[in-house]
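Peer 1: Numbering (the working numbering), first residue to last: 123 to 487.
For glycine and all other residues, C-beta sits at the position ideal for the given N, C-alpha and C.
Take a look at this one; I'll ask things after.
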């Protein structure tokens, strides 16, 4: 938060004032105001959309507020009627955490395409205020972290539609359809995976490929025990080995200040490009098991942020969307043919044998 406040505080305040004054400095917003496409004519029966008509095309705040309060009411009811055991004030605290952090984390993500997670911070806060409630800790983490994650995902999709001159209401309705359908589809896929891979998940059999182990579910369960049942007060207490780590919160507030002062003193050296949150986030990223995502992420970043950004600028955002679409299509293909419906047995070879458990580093021997 201190990094964003120091380096981007003026821009945030400037955009806040311009939004209230309905001024649009972005070239895409100006183009949207006069775009005569058929989708715009669906909402406004005119060939040229003026400033007043453009405002009509924006998503009304009542749409957001209606969905928010309906979902908030459902979440409160579930907190008291299920085993969640999450009080209403705990739910509001989790959502408040997302509201506070969505802007600074969103700015960091917009600059670097790297999102800093709130899961550990949410678990720690809940561990202090709701000690002894591991299930409540899980719900608190979901409402505190996933709310922010979905918010930034929505903004990212709306921004992509903005670049493509798609009316915001059409984007919003499409995302609403996708959310509803995706909820049912995700639940169906979850039940299908559990039923077809139960022998691997419960430990009865060992997956020869080492891919189906319930690893993330185990991590989720372990986190609820560490933060919710044991609690951070014991883990980071005065007599704990990890107590000095709490000083990191205070140190992190002041670390960006020297770079800000250096940038003010020597602007041509671009000390503003020293992104302390990204550096700290990279220090704590330890590969879990498979590390091939590192080289693939590097190649994808090089293709989009170096080559396409410099030589194919107008296709840069299309490439980003194509990466997302391709990964989803490949995941669906793999699920249908190898893990779900058809279940073709993948051949076992050197690259996926159970002895290596996915590790291809010969130095490990």
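Apply the 10 Å Cβ neighbour rule to residue 125 and answer buried if 16 or more other Cβ atoms are within range, or exposed otherwise.
Peer 2: Classification of residue 125: buried, given that the 10 Å Cβ count is 16 or more.
Peer 1: To the nearest angstrom, how far is the alpha carbon of residue 224 from that of residue 274?
Peer 2: Between residue 224 and residue 274, the C-alpha separation is close to 7 Å.
Peer 1: Given this structure, state the Cα-to-Cα distance separating residue 470 from residue 417, to the nearest angstrom.
Peer 2: Taking the straight line joining both Cα atoms gives about 24 Å.
Peer 1: For the candidate residues 182, 236 and 203, whose alpha-carbon lies nearest to that of residue 291?
Peer 2: If we check each option's Cα against that of residue 291, 182 comes out closest.
Peer 1: Do the segment 250 to 266 and the segment 193 to 210 touch if we need at least three Cβ pairs shorter than 8 Å?
Peer 2: Taking 8 Å as the limit for Cβ pairs, the verdict is that the segment 193 to 210 does touch the segment 250 to 266.
Peer 1: Using C-beta distances below 7 Å, list every residue in its chain close to residue 358, excluding the 5 sequence neighbours before and after it, in chain order.
Peer 2: Cβ within range, chain order: 364, 365, 367 and 368.
Peer 1: Smallest Cα separation from residue 401: which of 238, 255, 344 and 209?
Peer 2: It is 238 whose Cα lies nearest to the Cα of residue 401.
Peer 1: From the DSSP output, in three-state form, read off residue 206 for me.
Peer 2: DSSP places residue 206 in coil when its eight states are reduced to three.
Peer 1: Sorted by chain position, which residues of the same chain lie with C-beta nearer than 7 Å to residue 382's C-beta, five sequence neighbours on each side aside?
Peer 2: So the qualifying residues of the chain are 128 and 129.
Peer 1: DSSP three-state call for residue 277: helix, strand or coil?
Peer 2: In the structure shown, residue 277 sits in a helix (DSSP, three-state: H, G or I).
Peer 1: By DSSP, does residue 310 sit in helix, in strand, or in coil?
Peer 2: In this structure, residue 310 counts as helix in the three-state DSSP scheme.
Peer 1: Could you tell me which of 185, 214, 436 and 180 sits nearest to residue 194, measuring between CA atoms?
Peer 2: For residue 194, the nearest C-alpha among the options comes from 214.
Peer 1: Counting only the same chain and skipping the five closest in sequence on each side, list residues whose C-beta sits under 7 Å from that of residue 266.
Peer 2: Contacts found: 216, 219, 220, 240 and 244.
Peer 1: May I have the straight-line CA-CA distance separating residue 386 from residue 406, to the nearest angstrom?
Peer 2: Taking the straight line joining both Cα atoms gives about 29 Å.
Peer 1: Could you compute how far the alpha carbon of residue 321 sits from the alpha carbon of residue 436?
Peer 2: Residue 321 and residue 436: Cα-Cα distance of roughly 49 Å.
Peer 1: What would DSSP say about residue 123, mapped onto helix, strand or coil?
Peer 2: Looking at residue 123 - three-state DSSP - the assignment turns out to be coil, as it is neither helix nor strand.
Peer 1: Any idea if residue 319 is buried or exposed, counting beta-carbon neighbours within 10 angstroms, 16 or more meaning buried?
Peer 2: Looking at its Cβ environment, which holds 16 or more other Cβ atoms inside 10 Å, residue 319 is buried.
Peer 1: Are there 16 or more other CB atoms within 10 angstroms of the CB of residue 313, so buried, or fewer, so exposed?
Peer 2: Exposed, by the Cβ-count rule.
Peer 1: Using C-beta distances below 6 Å, list every residue in its chain close to residue 420, excluding the 5 sequence neighbours before and after it, in chain order.
Peer 2: Excluding sequence neighbours, residue 420 sits near nothing in its chain.
Peer 1: Mark residue 378 as exposed unless 16 or more other C-beta atoms lie within 10 angstroms of its C-beta, in which case mark it buried.
Peer 2: It is buried - the Cβ of residue 378 has at least 16 other Cβ atoms within 10 Å.
Peer 1: Any idea if residue 326 is buried or exposed, counting beta-carbon neighbours within 10 angstroms, 16 or more meaning buried?
Peer 2: Exposed, by the Cβ-count rule.
Peer 1: Please report the residue range of the alpha helix (DSSP H) in which residue 451 lies.
Peer 2: Start and end: 438 to 456.
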